[in-house]
Amino acid sequence: MIKTKQLSFEYESFVKEPGLKGSISDFFKRKTKTIQALKNNSITINDGDMVGLIGPNGAGKTTFIKLLTGILSPTHGSVIVDNQIPTYRANKYLKQVGILFGQKSQLTWDLPAIDTLNMLAYIYKIPHDKYINRKQTLINMLDAQEFINQPVRKLSLGQRVRCELICALIHEPKYLFLDEPTLGLDLLTQQHIYKFLRAENQQNHTTILITSHYLKDIEMLSDKLLILVDGNFVYQGQTNNIPIQPNQLDNFTCKYLKNNQTVTEKVPSNQLKTFINQIDSENIISIKREGVSLEAFVQKLYLEYKNK
């Protein structure tokens, strides 16, 4: 189980004064300001849960992952994962955790991924027979046979992410933390990874927490959802119980004829029916649905909670 109680994290950031005078002043005494990345949050994630964490840029998603893995220590409050304190970084705890940062790699650029796997097997002291079986299972599930022995520098982004996933799971961790794992990947690779993670969760009861900017990631993977805005968890619960549905924020681009001229107009989903009724259907050229903006979605949800 993952449990946080009144968890807060803050850090000092330097403030740069403008111009030459400011640079000289900063040389002798630099001004700082306190940034609150997380603010007094209490959450619980049960073992075996598949949890999605979404929020806009700067909301504190990566900071939260780093607190769960012991990379950062809380400023206030507590974090308990599997009855242990992550910042102590005990070997027993580290063996239970796998992590993948979408923009940071544990693979060595000039070596094949298989060499990193062999090194991890040694670090985690995985028995040889168990390591061979686990490695082959993961390689087969992620279709990595053709490139696992190639130097990392020759792999595509999607191939590297699959190798990263194998590395994160080779020691069969109880908890898997994924920070933007599908960032920049094509649709086919994304779907392959979704299917693999769902199978890993169901077969090995692995607790998976995935952060993303993409609602589709969360819809495809998670049963439970955390929404983080400006350091606050504004929603914790089932994915299908969100009080504001994403399609409420959809816009439609409508093209229609008016006075023999083509007019293009954006119409919110809750006004579409009224809009169509006001226009003769013969004059409608096309209606195109646009995707939901995550920022608009979480900000509106945040305001709903703030106004309660």
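Going by full-length UniProt numbering, the first residue of the sequence shown is number 1, and it counts up by one from there.
Using N, Cα and C, we set each Cβ at its ideal position, and we do this for glycine too.
Grouping DSSP H, G and I as helix and E and B as strand, with all else coil, what is Tyr88?
-> In the three-state DSSP reduction, Tyr88 falls in the helix class (H, G or I).
Cα-Cα separation, Leu272 to Phe252 | 8 Å
Leaving out five residues on either side along the sequence, give the residues of the same chain with a beta carbon under 6 Å from the beta carbon of residue 312.
-> The chain is shown only over 1 to 308; residue 312 falls outside these bounds and no answer can be derived.
Sorted by chain position, which residues of the same chain lie with C-beta nearer than 6 Å to Pro173's C-beta, five sequence neighbours on each side aside?
-> Gln96, Val97 and Gly98
Beta-carbon contacts of Leu142 that lie in its chain and below 7 Å, excluding the five residues immediately before and after = Arg162, Leu165, Ile166 and Phe196
What did DSSP end up calling His192 once you bin it into helix, strand or coil?
-> helix
Going by other Cβ atoms of all chains shown within 10 Å of its Cβ, with 16 needed for buried, is Asp186 buried or exposed?
-> exposed
Closest residue to Pro86 among Thr264, Thr69, Lys16 and His76 (Cα-Cα distance) | Thr69
Does the distance from the C-beta atom of Leu169 to that of Leu138 stay below 8 Å?
-> yes
Taking only the alpha-carbon atoms, compute the straight-line gap between Ile148 and Pro112 and give it to the nearest angstrom.
-> A direct Cα-to-Cα measurement between Ile148 and Pro112 gives close to 6 Å.
Taking just the CA atoms, how far does Thr108 sit from Ser156?
-> When the Cα atoms are used, Ser156 and Thr108 turn out to be separated by approximately 14 Å.
Other residues of its chain near Ser73: CB distance less than 7 Å, five sequence neighbours each side excluded = Thr87
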